[in-house]
């Protein structure tokens, strides 16, 4: 039994309005928690009746994803096999005219370094840093299989900060997110 480490861009965050109400969380507390996790300027709101929904701006994806991934991929130890897959991913992205086309490629899971993963996670909100259940769609660019870690959140924070630092100047750096599922 094991878990997988996923590193990618947080494409979408969904938060139940019922959970927000049940936990008596104000929208400003929620937004502060979101700001601690992601650069909210990169996201647009697409709320529904039952959920608050934050979606990574498609213009940012289209303009910056290829350059961002090229930079990130170089930091991973790559065999010839993995390097060829990474180049195939970058070529597929470069051929896309829109972010919707890029997301379609990620949804098909035909490229190794770009896939959509939906998973539950938590967000710390409020002055007591209470955990609030959220649902994330992650645009993964790296998956590391079957690792065992007890206290991985600090390690993941390090990874996210490292990725963001090495991508300084690229707006998508503020959307990097890592979790284990």
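In the working numbering, the protein residues as written are 24 to 204. Beta carbons are placed, not taken as given, at the ideal position from N, Cα and C, and that holds for glycine. Values in this document were obtained by computation on a predicted structure and should not be read as measured data.
Per-residue DSSP class, three states only, for residue i
i, result
"residue 110", "helix"
"residue 153", "strand"
"residue 188", "helix"
"residue 137", "coil"
"residue 162", "strand"
"residue 48", "coil"
Residue of the options minimising C-alpha distance to residue i
i, options, result
"residue 125", "191, 26, 28 and 34", "34"
"residue 156", "32, 27 and 37", "37"
"residue 159", "194, 133 and 143", "143"
"residue 154", "26, 27, 28 and 47", "47"
Own chain partners of residue i with C-beta closer than 8 Å, once the 5 adjacent residues on each side are dropped
i, result
"residue 199", "30, 31, 32, 33, 183, 186, 187 and 190"
Cβ separation of residue i and residue j, assumed to be a contact under 8 Å, to the nearest whole Å
i, j, result
"residue 98", "residue 136", "With 8 Å as the limit, residue 98 and residue 136 do not qualify as a contact, their Cβ atoms being about 12 Å apart."
"residue 87", "residue 195", "5 Å"
"residue 53", "residue 134", "Contact doesn't hold; Cβ gap of about 34 Å is too wide."
Other residues of its chain near residue i: CB distance less than 6 Å, five sequence neighbours each side excluded
i, result
"residue 150", "none"
Cutoff 7 Å; reference residue i; Cβ partners in own chain excluding five residues on either side
i, result
"residue 40", "73, 74 and 75"
"residue 89", "113, 116 and 117"
Worksheet item: Do the region 68-81 and the region 112-119 make contact, defined as three or more Cβ pairs closer than 8 Å?
Response: no
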